[in-house]
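Trainee: Supplied in structure tokens, the structure appears directly below.
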Amino acid sequence: MALRPNLRFGRRIAEISVARSVFGGELLQVAARGTRRHEPISSGASARANSMQQLSPLASELATRLRRLLAKCEKAGVAPAAVASLPAARKLRAAASSRGGCKWPPLRATCVAGAILICCVGWFSGLLLTPAVVSTYLSWWGGSIQDEKCLLANPDWLQDSTRPPEDCSICAGVDTVDRVSQISPQLFEQKYAYSGRPVVIEDAMRNWTAPSIFSLDFLRSLYRDSPQPNCQFFPYKTEFRGLADFFNMSEERATGKPWYVGWSNCDDRVSRQLRQYYSRPYFLPENSENKQMDWIFIGSPGYGAHMHVDNVGSVSWQAQLKGKKLWVLQPPPECLYRCSIMQTTLEPGDIIVLDTDRWYHSTLIVSDDISITIGAEFD
Ligand SMILES: O=C(O)CCC(=O)C(=O)O
Ligand SMILES: [Fe+2]
1 MALRPNLRFG RRIAEISVAR SVFGGELLQV AARGTRRHEP ISSGASARAN
51 SMQQLSPLAS ELATRLRRLL AKCEKAGVAP AAVASLPAAR KLRAAASSRG
101 GCKWPPLRAT CVAGAILICC VGWFSGLLLT PAVVSTYLSW WGGSIQDEKC
151 LLANPDWLQD STRPPEDCSI CAGVDTVDRV SQISPQLFEQ KYAYSGRPVV
201 IEDAMRNWTA PSIFSLDFLR SLYRDSPQPN CQFFPYKTEF RGLADFFNMS
251 EERATGKPWY VGWSNCDDRV SRQLRQYYSR PYFLPENSEN KQMDWIFIGS
301 PGYGAHMHVD NVGSVSWQAQ LKGKKLWVLQ PPPECLYRCS IMQTTLEPGD
351 IIVLDTDRWY HSTLIVSDDI SITIGAEFD
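Residue numbering for the sequence shown follows full-length UniProt numbering, beginning at 1 and increasing consecutively.
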């Protein structure tokens, strides 16, 4: 086999091993794996000469030294296996392998295996990602090929690192969260709705009965027959695995350690009931659509949501029905040098409007009683 000289040198040196040493009934193998030849050097001078002829000078020298060493040992009645474990023999082997020859074949095998794997995955994806297969997969997860933009959702933990950078216009020159009341939908649209500027509206719960009706027990009774298996549920730092689990919490748990959870409602029946107690906030622009999905956050004092950014695609409003909640708003990291971190405390009756896809936000319940909020997104 024609090998380039440097490769041949490396390989041959590397392959001199006392792999199975049998001398005087035992063989010392000079294994030239690059050429797939295993020559037993004790099996005769011609074989030895033949083998040595094809070895490079350094390999020959190493093999000669090894052979002499083994011959001496044989005379002294020492088994080759014992010789092979001597530091000198180990050094010899290390000298051989340190020239990189031994490392190359496994590396090559790994590369070839990797390339084959990539080809297989590519081939299988081409085969598997047919419309029929994708459609079956999506319907299995409760979606449809007409409605879904993506086959796989971007996981929460990737959202932060995959969001596009901000141009900082949402926060440049904004140092405080405005508090307004009696704001017309036109002015709200012009100043806040889509500018990314956070605002609190103080008088937007007129005629709402939700603040006096909503409680942990009320919500529990609403969801008694609605397990909501496919809806989003945020346990935050609690142990609850879902809404049913949360509503099953004991009295001791409710009054013991703090808790804070949030969920989106995706049960039409519950949605209709919820909306008996509140209505579309009056300040929303006339042409905007208030999304059907309600979001509820509820928790006990001292807890809240960790600092995060969302990827919901719309601006949100959130109404503070009960309790007080502190919001900390942080500009995206790329804007920190131009913009300020702000905070505002929502009192019962306040509604915050925030672009949660652009502002990093965290919350903390600062009242003595539990906090309950309801909200939605709007276009
Ligand atoms: O109300 C909270 O504690 C967090 C709400 C939130 O993260 C959101 O609305 O995006
Ligand atoms: Fe959020």
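Note that CB positions come from ideal geometry on N, CA and C, so glycine has one too.
1. Does the beta-carbon of H306, which I'm using as the reference point, lie nearer than 7 Å to any heavy atom of ligand 2?
2. Taking DSSP as the reference, what is the three-state secondary structure of D310?
3. Kindly indicate which three-state DSSP category I116 falls into: helix, strand or coil?
4. Please report how far the alpha carbon of A305 lies from the alpha carbon of A204, in whole angstroms.
5. Whose beta carbon lies closer than 5 Å to any heavy atom of ligand 3, going through the chain in order?
6. For Q53, is the classification buried or exposed, using 16 other Cβ atoms within 10 angstroms of its Cβ as the cut-off for buried?
7. How would you label Y186, buried or exposed, when you count the other beta carbons within 10 angstroms and need 16 or more for buried?
8. If you draw a straight line from the alpha carbon of T356 to that of K291, how long is it in whole angstroms?
9. Less than 8 Å between the C-beta atoms of P198 and V180, yes or no?
10. Starting from A210 and walking both ways along the alpha helix (DSSP H), at which residues does that stretch end?
11. If you check the beta carbons only, do F283 and I170 fall under 8 Å apart?
12. Indicate the three-state DSSP secondary structure (helix, strand or coil) for R163 in the structure shown.
13. Taking Cβ to Cβ, would you say W327 is nearer than 8 Å to T373?
14. Does the beta carbon of W317 fall short of 7 Å from some heavy atom of ligand 1?
15. Would you mind working out which of S264, Q276, W295 sits nearest N207, comparing C-alpha positions?
16. Please confirm if the region 301-319 is in contact with the region 232-240, defined as three or more CB-CB distances below 8 Å between the two stretches.
17. Just grab the DSSP bridge partners of D355 for me.
18. Measure the C-alpha to C-alpha separation of T114 and A132 and round it to an integer number of angstroms.
19. So is the beta-carbon of W295 under 7 Å away from any non-hydrogen atom of ligand 1?
20. Tell me whether T344 is buried or exposed, calling it buried when 16 or more other Cβ atoms sit within 10 Å of its Cβ.
21. So who's on the other strand from S316, going by DSSP bridges?
22. Can you tell me which of the three DSSP states S367 falls into?
23. Could you give the distance in angstroms between the alpha-carbon of L117 and the alpha-carbon of T110?
24. With DSSP collapsed to three states, give me the class of W123.
25. Please report how far the alpha carbon of A193 lies from the alpha carbon of R272, in whole angstroms.
26. Would you kindly check if the distance between the Cβ of W317 and the Cβ of G375 is under 8 Å?
27. E377: buried (16+ other C-beta within 10 angstroms of its C-beta) or exposed?
28. Between R269, G299, P281, which has its C-alpha nearest R253's C-alpha?
29. According to DSSP, is L336 part of a helix, a strand, or is it coil?
30. Please return the same chain residues whose Cβ sits closer than 6 Å to the Cβ of G44, not counting the five positions on each side in sequence.
Mentor: The answer reads as follows:
1. no
2. coil
3. helix
4. Approximately 24 Å, taken between the alpha carbons.
5. By its list of ligands, the structure shown excludes ligand 3, since it contains just ligand 1 and ligand 2.
6. Low per-residue confidence applies at Q53: pLDDT is 42, beneath 50, and the placement is therefore not dependable enough to give any value.
7. Contrary to the premise, residue 186 reads as Gln rather than Tyr in this sequence. By the neighbour-count rule (16 or more Cβ atoms within 10 Å), Q186 is not buried but exposed.
8. The straight-line gap from Cα to Cα measures roughly 15 Å.
9. Not in contact: P198 and V180 (Cβ atoms no closer than 8 Å).
10. 210-213
11. Taking 8 Å as the Cβ cut-off, F283 and I170 do not qualify as a contacting pair.
12. coil
13. no
14. no
15. Q276
16. The region 301-319, when compared against the region 232-240, does touch it at the 8 Å Cβ threshold.
17. DSSP lists no partner for D355.
18. According to the sequence as given, residue 114 is Gly; it is not Thr. About 29 Å.
19. yes
20. buried
21. L354, E377
22. coil
23. 10 Å
24. Looking at W123 - three-state DSSP - the assignment turns out to be helix.
25. 26 Å
26. yes
27. It is buried - the Cβ of E377 has at least 16 other Cβ atoms within 10 Å.
28. G299
29. coil
30. Note on G44: pLDDT 36, under 50, position unreliable in the model; the coordinate value appears next. No residues qualify anywhere along the chain.
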